[in-house]
């Protein structure tokens with residue numbers, strides 16, 4: 088049996104490590120690339136090499152950009168005294184897409200986990216405390232995922248911030264815009280009921 | 088609102104053109120790459136550039152490899168007098184994985200389609216007829232998909248081969264190995280019944 092060339096197998100193997108792609112779909116993706124070598128594969132390889140070379144973590148907040156300090160940290164208009172703590176760069180991007188938050192961010196890069204030996208140092212929590220003091224922060228918004236890990240981490244950060252005389256808040260829980268009660272889980276309905284407001 | 092850097096957006100846009108990846112999953116894949124810039128992103132960009140540069144279509148059968156003539160066409164042991172006609176390189180790879188076929192291939196690269204102006208020339212059917220004469224082929228196996236387009240193309244090729252005194256065959260249709268009757272469509276069960284054999 089003659090196999091696919093070694094270089095192509097190596098590419099399929101690397102592609103299959105991307106989230107959402109298994110061995111079969113990676114093979115399909117590579118085949119699509121092979122059919123559009125000039126139109127898609129070469130530009131994609133080039134774009135990926137450029138980003139791999141130029142991308143860097145913002146040394147203040149952990150956002151990923153192409154500069155040492157990201158555009159959000161570089162923009163003086165975003166020195167609102169608010170820091171939004173997120174778990175991941177994806178969450179920061181999601182917040183930015185929403186466009187509702189005008190302050191700055193602090194990306195943890197994960198959640199506390201004794202099993203995986205991820206402690207406060209790995210999540211840059213000491214850096215966060217230093218930023219709160221140094222940048223004259225008045226409010227820290229904990230925008231962590233509503234999972235057990237996320238909420239454990241949020242509690243830890245809230246405790247660590249307690250001595251610093253800063254307001255601590257978290258995102259509201261409730262019915263999503265356009266959400267139908269019938270399809271919501273009981274926990275969300277309970278939270279929305281407890282946080283009900285007069286109209 | 089500050090957006091993700093231009094280079095990263097360009098990469099997400101290119102990734103989202105791969106089959107199986109939409110805009111959201113492309114964003115997620117790029118984010119995973121950004122987190123493993125040295126370990127995954129740089130090697131992937133490198134592997135993709137290598138393949139984009141080195142991959143070429145075999146000028147005899149249309150298989151994709153790194154040489155002008157693919158390993159199957161280059162292997163004298165595969166001059167069995169049989170040619171297997173497949174729609175796509177993916178089908179050739181699937182046949183090779185199976186390891187049951189010892190002859191050579193002819194990749195059409197699609198199916199006949201009046202709507203998309205894909206005629207016999209685009210599918211290299213004249214090349215196939217020339218190969219049958221030149222290479223002393225005794226049997227042409229039409230391993231095309233069991234779809235309307237695939238079967239129309241198979242009929243066309245069978246008609247074109249008719250004057251050439253060559254045996255024409257197609258893959259058997261029936262119950263897949265390990266298949267359960269209960270889950271099979273009626274068409275397959277009907278085909279399997281019509282092609283039943285004595286034991």
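Protein chains in written order, with our numbering: chain A, 88 to 286; chain B, 88 to 286. We put the beta carbon where it would ideally sit given N, CA and C, even for glycine. Bear in mind that the values here come from a model prediction, so they are computed numbers and not experimental data.
Along chain B, in chain order, which residues have C-beta atoms closer than 7 Å to that of residue i?
i: residue 173(A); result: Those do not exist, as residue 173(A) stays about 13 Å from chain B at its closest Cβ, beyond 7 Å.
i: residue 284(A); result: Those do not exist, as residue 284(A) stays about 27 Å from chain B at its closest Cβ, beyond 7 Å.
i: residue 124(A); result: 139, 142
i: residue 118(A); result: 176, 177
i: residue 91(A); result: 180
If I follow the unbroken alpha helix (DSSP H) through residue i, where does it start and stop?
i: residue 256(B); result: Here residue 256(B) belongs to no alpha helix (DSSP H); instead the beta strand (DSSP E) covers 254-257.
i: residue 242(B); result: 235-248
i: residue 93(A); result: 93-102
i: residue 111(A); result: 110-122
i: residue 184(A); result: 176-185
i: residue 204(A); result: Segment: none, residue 204(A) is in no alpha helix (DSSP H) and carries neither H nor E.
i: residue 135(A); result: 129-141
i: residue 273(A); result: 273-281
i: residue 217(A); result: 212-221
i: residue 160(A); result: 158-161
Which chain A residues are close to residue i, counting only those with a beta carbon under 8 Å from its beta carbon?
i: residue 237(B); result: Within chain A, no residue comes near residue 237(B); the closest Cβ sits about 18 Å away, beyond 8 Å.
So residue i contacts chain A; which residues on that side make the cut at Cβ distance below 7 Å?
i: residue 141(B); result: 94
i: residue 231(B); result: Those within 7 Å of residue 231(B) in chain A number zero; the least Cβ separation is about 17 Å.
So with CB distances below 9 Å, who are the chain B contacts of residue i?
i: residue 137(A); result: 94, 97, 98, 132
i: residue 129(A); result: 135, 136, 139, 140
Please tell me whether residue i and residue j are closer than 8 Å, where the distance is taken between their beta carbons.
i: residue 174(B); j: residue 252(B); result: no
i: residue 102(A); j: residue 116(A); result: yes
i: residue 286(B); j: residue 256(B); result: no
i: residue 230(A); j: residue 178(A); result: yes
i: residue 170(B); j: residue 224(B); result: yes
i: residue 132(B); j: residue 132(A); result: yes
i: residue 280(B); j: residue 240(B); result: no
i: residue 278(A); j: residue 261(A); result: yes
i: residue 149(A); j: residue 196(A); result: yes
i: residue 113(A); j: residue 95(A); result: no
i: residue 210(B); j: residue 247(B); result: no
i: residue 218(A); j: residue 193(A); result: yes
i: residue 245(B); j: residue 282(B); result: no
i: residue 208(A); j: residue 168(A); result: no
i: residue 108(B); j: residue 107(A); result: yes
i: residue 136(B); j: residue 136(A); result: yes
Could you give the residue range of the beta strand (DSSP E) that holds residue i?
i: residue 173(A); result: 169-173
i: residue 229(A); result: 226-229
i: residue 194(A); result: 191-194
If I'm right that residue i touches residue j with Cβ under 8 Å, what's the distance once you round it to whole angstroms?
i: residue 92(B); j: residue 152(A); result: 5 Å
i: residue 235(B); j: residue 191(B); result: Actually they are not in contact, since the Cβ atoms of residue 235(B) and residue 191(B) sit about 27 Å apart, beyond 8 Å.
i: residue 128(B); j: residue 97(A); result: No, residue 128(B) and residue 97(A) are not in contact; Cβ-Cβ is about 15 Å, not under 8 Å.
Using the beta-carbon of each residue, which ones in chain B are nearer than 8 Å to residue i?
i: residue 218(A); result: By Cβ distance, chain B contributes nothing, its closest Cβ being about 18 Å from residue 218(A), past 8 Å.
i: residue 121(A); result: 138, 142, 151, 176
Confirm the yes/no value for this check: CB of residue i, any heavy atom of the ligand PLP, distance under 7 Å.
i: residue 250(A); result: You won't find the ligand PLP in this model; it holds no ligand whatsoever.
For residue i, go through chain E and note every residue whose CB falls closer than 9 Å to its CB, in chain order.
i: residue 115(A); result: Reference to chain E is not applicable here, since the protein chains of this structure are A and B.
Short-range partners of chain A found in the segment 144-162 of chain B, where Cβ spacing is below 7 Å
151, 152, 153, 158, 159, 162
Note down, in chain order, all residues in the segment 94-108 of chain B with a beta-carbon under 8 Å from any beta-carbon belonging to chain A.
94, 95, 97, 98, 101, 102, 104, 105, 106, 107, 108
Check each residue of the segment 245-261 of chain A: if its Cβ is closer than 8 Å to any Cβ of chain B, include it; give the result in chain order.
none
Could you name the residues of the segment 173-202 of chain B whose beta carbon sits closer than 7 Å to any beta carbon of chain A, in the order they occur along the chain?
176, 177, 180, 183, 186
Can you pull out the residues from the segment 201-216 of chain A whose beta carbon lies closer than 8 Å to at least one beta carbon of chain B?
none
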